[in-house]
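**Student:** What follows is a single structure, and I will ask about it in a moment.
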Amino acid sequence: MSGECLAECPGGGSGGYGEFMSSSDSHGRRDLNGRVVAQGRLARLRSRFSGGAGGGPLALDDEVVVVAGSDDDAIASSVALDASSWRSDEEVILRHDLELPPERVAEAVAVAAIDGYEVVGDERWGSRPGAGDDRLEVLVLARVQLLDAMHLSQERSRMASLGSRHGGIARRWSVLQRPSGAAGH
1 MSGECLAECP GGGSGGYGEF MSSSDSHGRR DLNGRVVAQG RLARLRSRFS
51 GGAGGGPLAL DDEVVVVAGS DDDAIASSVA LDASSWRSDE EVILRHDLEL
101 PPERVAEAVA VAAIDGYEVV GDERWGSRPG AGDDRLEVLV LARVQLLDAM
151 HLSQERSRMA SLGSRHGGIA RRWSVLQRPS GAAGH
């Protein structure tokens, strides 16, 4: 998330992908579009007394496991989620693996950042996938949000479009959540 840009960074930043826009800059529970939801007084009070690790808003660096995912464009989001261990009332990390020409990656990152996506440049969720075409580079994008089948379909479509507009493809998607039974659940 804080590596060097592969091309000139929009806005004249010093080079970190995360400089474009970070969905983790603001803390708090997120809605179905990945936007932070303002907490009311009662919710703030309740969160103060609930304590416990894992009970707060999900972040990209939290311990999570894959609960759903696919590399099959034809599978319906509702079918994939119904067949999974996804918990609809809890926030998720929605991960997309795209394969793009290296010279188009920085531009794609800037576009994805508008919607709150961040680059995941490490192996926190397992080894990074290899590109199916040696002329392409794998770009892993993720954001925290609540999720339902309609919004998963919307985000899959958004990433397919992003990949296509930048000379690549959206290879796979994954839904990650805190392990079942983790503190605060």
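Residue numbering for the sequence shown follows the UniProt record's numbering, beginning at 1 and increasing consecutively. Don't be surprised by glycine CBs; every beta carbon is placed ideally from N, CA and C. Quantities reported herein were computed from a predicted structural model and do not represent experimental measurements.
Using DSSP's beta-bridge definition, name the partner residues of D97.
**Tutor:** V140 and R172
**Student:** When you compare each of S78, V79 and D71 to R95 by their alpha carbons, which one comes out closest?
**Tutor:** D71
**Student:** Cutting at 8 Å between CB atoms, please list the residues of its own chain near L162, excluding the five before and the five after it.
**Tutor:** L98, A108, V111, A112 and A170
**Student:** Would you give the residue range spanned by the beta strand (DSSP E) that G163 belongs to?
**Tutor:** No beta strand (DSSP E) contains G163, which is instead part of the alpha helix (DSSP H) from A149 to R165.
**Student:** How close, in whole Å, do the beta carbons of V92 and L147 come, if the pair is a contact with beta carbons under 8 Å?
**Tutor:** 5 Å
**Student:** Using alpha carbons as the reference points, say which of V105, H166 and R172 lies closest to A74.
**Tutor:** R172
**Student:** Quick one: using the 10 Å Cβ neighbour count with 16 as the cut-off for buried, is D25 buried or exposed?
**Tutor:** Bear in mind that the predicted position of D25 carries a pLDDT of just 48, short of 50, making it unreliable; the figure below should be weighed with that in mind. Classification for D25: exposed.
**Student:** Within this structure, are the beta carbons of V119 and L141 separated by less than 8 Å?
**Tutor:** yes
**Student:** What does the Cβ neighbour count give for A83, buried or exposed, with the cut at 16 atoms within 10 Å?
**Tutor:** exposed
**Student:** In whole angstroms, what is the alpha-carbon distance linking L58 and R135?
**Tutor:** Between L58 and R135, the C-alpha separation is close to 35 Å.
**Student:** Compare the C-alpha of G130 against each of S157, V144 and L100 and name the closest.
**Tutor:** L100
**Student:** Taking the alpha-carbon positions, what's the E103 to M159 distance?
**Tutor:** Cα to Cα, E103 sits roughly 18 Å from M159.
**Student:** In whole angstroms, what separates the C-alpha of G181 from that of E123?
**Tutor:** Their Cα atoms are separated by approximately 24 Å.
**Student:** Which residue from S77, S127, W125 and D62 puts its Cα closest to that of S157?
**Tutor:** S77
**Student:** Quick check on DSSP: helix, strand or coil for V92?
**Tutor:** strand
**Student:** Does the distance from the C-beta atom of V79 to that of L176 stay below 8 Å?
**Tutor:** no
**Student:** Can you grab the Cα-Cα spacing for the pair R128 / G56, in whole Å?
**Tutor:** 28 Å
**Student:** Can you find the residues in the same chain that come closer than 6 Å, C-beta to C-beta, to H166, ignoring five residues on each side of it along the sequence?
**Tutor:** L100, R104 and A108
**Student:** Short check: CB of G116 to CB of R143, under 8 Å?
**Tutor:** yes
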